[in-house]
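Those sequence lines, one after another, are chains A and B.
All the letters of the first sequence, read from the start, carry residue numbers 53 to 232 under my numbering.
All the letters of the second sequence, read from the start, carry residue numbers 121 to 235 under my numbering.
Even glycine gets a Cβ: it sits at the ideal position worked out from N, Cα and C.
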Amino acid sequence: MFFIPGPLIALATFPGVIVHELAHQLFCRWFRVPVLKVCYFRVGNPAGFVIHEPPTKTYQSLFISIGPFLINTIMGALIAFPAALPVIKFGAGDLLDYFLIWLGVSIAMHAIPSTGDAKSLWQSVKGPGVSSVVRFIVAPVVGIIYLAAFGRVFWLDLIYGIGVAVGLPTLLVAIYSALG
Amino acid sequence: MARQPIPIGIKLAGVAIVLLMLFALIRIPSSISAAIAFERGERSEQKLQFAKAENEYQKSVQAFPTSDLAHTRLFVTAYRARDGGTARREFEYLRGHQLDAKLVGEISALLGSRH
């Protein structure tokens, strides 16, 4: 397996980092959680971050943490969808198609929440006053986030990005045409 | 409540990405239709229903007129369905293009098998 420094990957896929941080910020706004500082992109580790006050409710924490996963996945898939089919299925992509695939993969590969997101989510359920049922629901989410973050070492984020942006359209067409 | 403003550059980038997404959304139906037509064409071809396959490949070629693969499949099925006009037109198109070896092999085999 070859190693490429994180900042270089972030630089090559910077739109995904911006969308990820913007999604955090927008979820904070929707839940009226004060945001203290936002870095949309930088060449460093982490490539971007949002510092906000602790949300008052657990569901707010949950959505602020996994919000970028939903937004980046949906946006990445939709942007790349019509471009992936001519390139993958027909070998007839133009420059715009390749640009849209790059953008879609970049956005989708930054969908995976960071360990920082997992940490703040766990902090929100760790304290007193949170029922064990909520902890029981949140714990696997936190575990999955940590596992996915660890998977980045094995290019899980890129695999996920390509899967969402390129694999999903191909799979959906195959399923639809098999059913139809 | 402290409300961190979103910089104008980020807003513009966000608007650009949303516009690209809308542009992509407009293209999704025709891409899906063409890809599904191609899949159906392949299935019909496997069942030796060449006229049906030709009809499906026509849809793919209309959506992706620069796809050599779609043109090749259309040529092969039109030839086998004895649609001389389409086969001739597609052959003329393919003759001017650099095709990959597999497609060239298939066309050569098809023409070589002519009785």
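Are the Cβ atoms of A190 (chain B) and V181 (chain B) separated by less than 8 Å?
Within the second sequence, residue 190 (chain B) is the residue found at index 70, counting from 1. Within the second sequence, residue 181 (chain B) is the residue found at index 61, counting from 1. Going by C-beta atoms, A190 (chain B) is nearer than 8 Å to V181 (chain B).
Looking only at its chain, what residues have a beta carbon closer than 6 Å to the beta carbon of G100 (chain A), apart from the 5 residues adjacent to it on each side?
Numbered from its first residue, the first sequence carries residue 100 (chain A) at position 48. Excluding residues up to 5 positions away in sequence, V69, E73, C91, Y92, F93 lie with their Cβ nearer than 6 Å to the Cβ of G100 (chain A) in the same chain.
Run down chain A in chain order and give the residues with a C-beta less than 7 Å from the C-beta of G216 (chain B).
For the purposes of this step, residue 216 (chain B) is identified with residue 96 of the second sequence, where counting begins at 1. By Cβ distance, chain A contributes nothing, its closest Cβ being about 16 Å from G216 (chain B), past 7 Å.
Under 8 Å by Cβ, that's how I've got V218 (chain A) and I126 (chain A) pegged, so tell me the actual separation to the nearest angstrom.
For this step, residue 218 (chain A) is matched to residue 166 along the first sequence. For this step, residue 126 (chain A) is matched to residue 74 along the first sequence. Not really, about 16 Å apart at Cβ, beyond 8 Å.
Chain B within 8 Å of I227 (chain A), Cβ atoms only
Here residue 227 (chain A) refers to the residue found at position 175 of the first sequence. Interface annotation, I227 (chain A): not in contact with chain B, CB-CB separation never under 8 Å.
Which of the three DSSP states is assigned to F93 (chain A) in this structure?
On the first sequence, residue 93 (chain A) is found 41 positions in, with the first residue counted as 1. Three-state DSSP puts F93 (chain A) in coil, outside helix and strand.
Residue of A:P180, A:L114, A:L208 minimising C-alpha distance to G168 (chain A)
By 1-based counting over the first sequence, the position of residue 168 (chain A) is 116. Minimum Cα distance to G168 (chain A) is reached at A:L114.
Let me make sure I understand the geometry here. Which of A:W82, A:I196, A:F188 has the alpha-carbon closest to that of Q112 (chain A)?
Residue mapping note: residue 112 (chain A) aligns to position 60 of the first sequence, counting from 1. Comparing alpha-carbon positions, the option among A:W82, A:I196, A:F188 lying closest to Q112 (chain A) turns out to be A:W82.
Name the residue from A:V186, A:S172, A:L231, A:G181 whose alpha carbon lies nearest to the alpha carbon of H76 (chain A).
For this step, residue 76 (chain A) is matched to residue 24 along the first sequence. Minimum Cα distance to H76 (chain A) is reached at A:S172.
Going by DSSP, which residues form a beta bridge with I103 (chain A)?
Position 51 of the first sequence, counting from 1, holds the residue named residue 103 (chain A). Beta-bridge partners assigned by DSSP to I103 (chain A): A:K89.
Taking L189 (chain B) as the query, report the chain A residues whose CB atoms sit under 7 Å from its CB, ordered along the chain.
Indexing the second sequence from 1 puts residue 189 (chain B) at position 69. Residues of chain A passing the Cβ test: F142, G143.
Helix, strand or coil, according to DSSP, for P185 (chain B) in the structure here?
Looking up residue 185 (chain B) in the second sequence gives position 65. Coil.
Distance between I140 (chain A) and I111 (chain B) (C-alpha atoms, nearest Å)
The requested residue 111 (chain B) is not part of the displayed model; chain B covers only 121 to 235.
Beta carbon of I227 (chain B), beta carbon of T192 (chain B): below 8 Å?
The residue labelled residue 227 (chain B) in the question sits at position 107 within the second sequence. The residue labelled residue 192 (chain B) in the question sits at position 72 within the second sequence. Cβ atoms of I227 (chain B) and T192 (chain B): closer than 8 Å.
Taking K89 (chain A) as the query, report the chain B residues whose CB atoms sit under 8 Å from its CB, ordered along the chain.
As a first step, residue 89 (chain A) is located in the first sequence; it is residue number 37 there, counting from the start. Near K89 (chain A) (Cβ distances below 8 Å), the residues of chain B are Q124.
Determine, using beta carbons only, whether L208 (chain A) comes closer than 8 Å to chain B.
Mapped onto the first sequence, residue 208 (chain A) falls at position 156. Answer no: the Cβ-Cβ gap between L208 (chain A) and chain B never drops below 8 Å.
Check whether the stretch 162-173 of chain B and the stretch 117-136 of chain A touch, using three or more Cβ-Cβ pairs below 8 Å as the test.
no
Where P98 (chain A) falls: helix, strand or coil (DSSP):
Sequence index remark: in the first sequence, residue 98 (chain A) carries index 46 (1-based). P98 (chain A): coil per DSSP, three-state reduction.
Boundaries (first-last residue) of the alpha helix (DSSP H) holding F158 (chain B)
Here residue 158 (chain B) refers to the residue found at position 38 of the second sequence. Per DSSP, F158 (chain B) belongs to the alpha helix (DSSP H) from 128-166.
Alpha-carbon to alpha-carbon, I61 (chain A) and I130 (chain B):
The residue you call residue 130 (chain B) lines up with position 10 of the second sequence. The residue you call residue 61 (chain A) lines up with position 9 of the first sequence. Taking the straight line joining both Cα atoms gives about 20 Å.
Measuring straight from C-alpha to C-alpha, what distance separates V71 (chain A) and P120 (chain A)?
Start at 1 with the first residue of the first sequence, and residue 71 (chain A) comes out as number 19. Start at 1 with the first residue of the first sequence, and residue 120 (chain A) comes out as number 68. So the alpha carbons of these two residues sit roughly 8 Å apart.
Quick one: which chain B residues come within Cβ less than 8 Å of Q77 (chain A)?
Translated into the one-based positions of the first sequence, residue 77 (chain A) becomes position 25. Chain B residues near Q77 (chain A): Q124, I126.
Thinking A170 (chain A) and A191 (chain A) are a contact (beta carbons under 8 Å), I'd like their distance in whole angstroms, please.
Here residue 170 (chain A) corresponds to residue number 118 of the first sequence, with the count starting at 1. Here residue 191 (chain A) corresponds to residue number 139 of the first sequence, with the count starting at 1. Incorrect: roughly 11 Å between the Cβ atoms, too far for contact.
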